[in-house]
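Trainee: Take this structure, written in structure tokens, and hold onto it; I'll ask about it next.
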Amino acid sequence: MSQAIFDKIESEQFRKESADFGVGDSVRVHTKVIEGDKERIQVFAGVVIGRRGRGLNSTFTVRRISYGEGVERVFPMHSPRVEKIEIERKGSVRRAKLTYLRKRVGKGAVAVKEKEIHA
80 MSQAIFDKIE SEQFRKESAD FGVGDSVRVH TKVIEGDKER IQVFAGVVIG RRGRGLNSTF
140 TVRRISYGEG VERVFPMHSP RVEKIEIERK GSVRRAKLTY LRKRVGKGAV AVKEKEIHA
């Protein structure tokens, strides 16, 4: 009985449109930022270096280089604060987590091969 109630509440909070992206893809995440009584959209662009979890608890981590310093941000998949997720480029990687990008500097820190589309 309690599981049915839990599932109903959880299903109401799922994001209707889900972006189909994976690890290695370059994405732009649009988030709502509330400052005082104003609300604006902030964009965080970078490479997805990991995904975790299932259901409402699923998150993904995006990494970018900002002013020569690596910045990582973890976003909940089904958060109402995440306005939309744009996929800039599909990446081709052979790992589930790209933590090795943390050790790289310069262009190597963002270098992920672009996925080849075979016709």
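Following the numbering used here, the numbering of the sequence shown begins with 80 at its first residue and continues without gaps. No residue lacks a Cβ here, since even glycine has one placed at the ideal position from N, Cα and C. Predicted, not measured: the structure shown is a model, and the values here were computed from it.
Between residue 130 and residue 102, what straight-line distance do the alpha-carbon atoms span, to the nearest angstrom?
Mentor: So the alpha carbons of these two residues sit roughly 7 angstroms apart.
Trainee: Measuring straight from C-alpha to C-alpha, what distance separates residue 108 and residue 121?
Mentor: Looking at the two C-alpha atoms, the distance is approximately 8 angstroms.
Trainee: Out of 113, 93, 139, which has the shortest C-alpha to C-alpha gap to residue 100?
Mentor: Nearest C-alpha to residue 100: 139.
Trainee: Can you find the residues in the same chain that come closer than 7 angstroms, C-beta to C-beta, to residue 92, ignoring five residues on each side of it along the sequence?
Mentor: Around residue 92: 135, 157.
Trainee: For residue 160, does the three-state DSSP call read helix, strand or coil?
Mentor: Correct three-state label for residue 160: coil.
Trainee: Cβ of residue 142 within 8 angstroms of Cβ of residue 151?
Mentor: The answer is yes: Cβ separation under 8 angstroms.
Trainee: To the nearest whole angstrom, what separates the beta carbons of residue 194 and residue 169, a pair I think is in contact under 8 angstroms?
Mentor: Residue 194 to residue 169, Cβ: 4 angstroms. Contact.
Trainee: Opposite residue 137 in the DSSP bridges: which residues?
Mentor: Paired residues: none, contrary to the question.
Trainee: Should residue 115 be labelled buried (16 or more other beta-carbon atoms within 10 Å of its own) or exposed?
Mentor: So residue 115 ends up on the exposed side.
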